[in-house]
Amino acid sequence: FVFLTYVLGVAWLGVFGFSAVPVFMFYNIWSTCEVIKSPQTNGTAGVEQICVDIRQYGIIPWNAFPGRICGSALENICNTNERLICLHSSLCLLTCSLAIMLTLLFQIHFLMILSSNWAYLKDASKMQAYQDIKAKEEQELQDIQSRSKEQLNSYT
């Protein structure tokens, strides 16, 4: 049962890793769109110099051409409603990521309690075996003492 819980914990870590990628992608695109909205306050020269290389996200292969979105094309993407849909899905993914982290925390807590209970039961069974052996030895000692008293009484 401990092994199954451990395997499920590793699986949840994988789910968390895969759900973190879209959140990371959205954050990068969102921050780039914020730079495009006000390029002068962010210290950039012009909108045409701001680019996003989507090859780095693994959406398209590295040898794809052009692979980069710059300037007005990126500004058009930032002004579409699809980006807002991406915002809502990223918020959902962020919420799911937090839920996964809580699930992992609870699984680790469960594993600690399970291990503690197993150690307690193992120790208790050893203690019971020790008490049984001790009781048998005391009984044997009392038998030996009673036999020796009987033998002493028989000599007198």
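The opening position of the sequence shown corresponds to residue 8 in our numbering, with each subsequent residue numbered one higher.
We put the beta carbon where it would ideally sit given N, CA and C, even for glycine.
Coil, strand or helix - Ile115 by DSSP = helix
Backbone secondary structure at Ile120 - three-state DSSP | helix
Classify Ile107 as helix, strand or coil using the three-state DSSP reduction.
-> The answer is helix: DSSP assigns Ile107 an H, G or I state.
Count the other C-beta atoms from every protein chain shown that fall within 10 angstroms of the C-beta of Val59, then say buried if there are 16 or more, exposed otherwise.
-> buried
Assuming Thr12 contacts Phe113 under a Cβ cut-off of 8 Å, what Cβ separation, rounded to an integer in Å, is found between them?
-> Rounded, the Cβ-Cβ distance is 10 Å, inconsistent with contact.
Distance between Ser153 and Asn160 (C-alpha atoms, nearest Å) = 10 Å
Over what stretch of residues does the alpha helix (DSSP H) that includes Ile84 continue unbroken?
-> 78-85
Output yes or no for whether 8 Å exceeds the beta carbon distance between Leu20 and Leu111.
-> Contact flag set, yes.
Since Arg75 sits in a beta bridge, which residues does DSSP pair it with?
-> DSSP output for Arg75 lists Asp60 as bridge partner(s).
Please go through the same chain and pick out, in chain order, the residues whose beta-carbon is closer than 6 Å to the beta-carbon of Thr39, but skip the five residues on each side of it.
-> Only Val59 meet the Cβ criterion.
If you check the beta carbons only, do Val30 and Ser104 fall under 8 Å apart?
-> A contact, by the Cβ cut-off of 8 Å.
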